[in-house]
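Undergrad: 1170 is the number of the first residue of the sequence shown in the numbering used here; add one for each residue after it.
Think of the CB as a built atom: it goes at the ideal place given N, C-alpha and C, for glycine as much as any other residue.
Please see the structure below; I have some questions.
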Amino acid sequence: MTRFVLTLEARDDLVPIGEHGIETFGLEQALRFQDELDATFELLADNSAMGFTRPEYASEAVRFFVKGPAVIVYRWNVRPIDVLRVIVGSLDLMK
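Encoded structure:
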């Protein structure tokens, strides 16, 4: 059984993150960061209460977790957990 699900928005977030990583740090480092994100999704699936809440942005059902330059936004009280967004502040994801 899948332990986490990436929403379409989260999948879309990963595209510019990967492109930026390749352009800035090279393919090897970009792939390494993707592996780290995947491992973090697994970690959150095992320990879904790890993240923190931000009631000014989302309900208590949504948590936030920082991994390097990325903020992972996920619904923690469902199985499998839902990864809603993966946001990197240095990228303009609103383009």
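Are the stretch 1245–1261 and the stretch 1211–1227 touching, with three or more C-beta to C-beta distances below 8 Å?
TA: Contact holds: three or more Cβ-Cβ distances are below 8 Å.
Undergrad: Starting from Ala1179, trace the alpha helix (DSSP H) both ways and give me its first and last residue.
TA: Taken as a continuous stretch (DSSP letters only), the alpha helix (DSSP H) holding Ala1179 covers 1177–1194.
Undergrad: In whole angstroms, give me the CA-to-CA distance for Phe1194 and Leu1183.
TA: Rounded to whole angstroms, Phe1194 to Leu1183 spans 16 Å at the Cα level.
Undergrad: Starting from Arg1232 and walking both ways along the beta strand (DSSP E), at which residues does that stretch end?
TA: Note, Arg1232: beta strand (DSSP E), 1231–1236.
Undergrad: Could you name the residues of the same chain whose beta carbon sits closer than 7 Å to that of Phe1265, not counting the 5 residues immediately before and after it, in chain order?
TA: In the structure as shown, the chain begins at 1170 and stops at 1264. Residue 1265 is therefore absent and cannot be evaluated.
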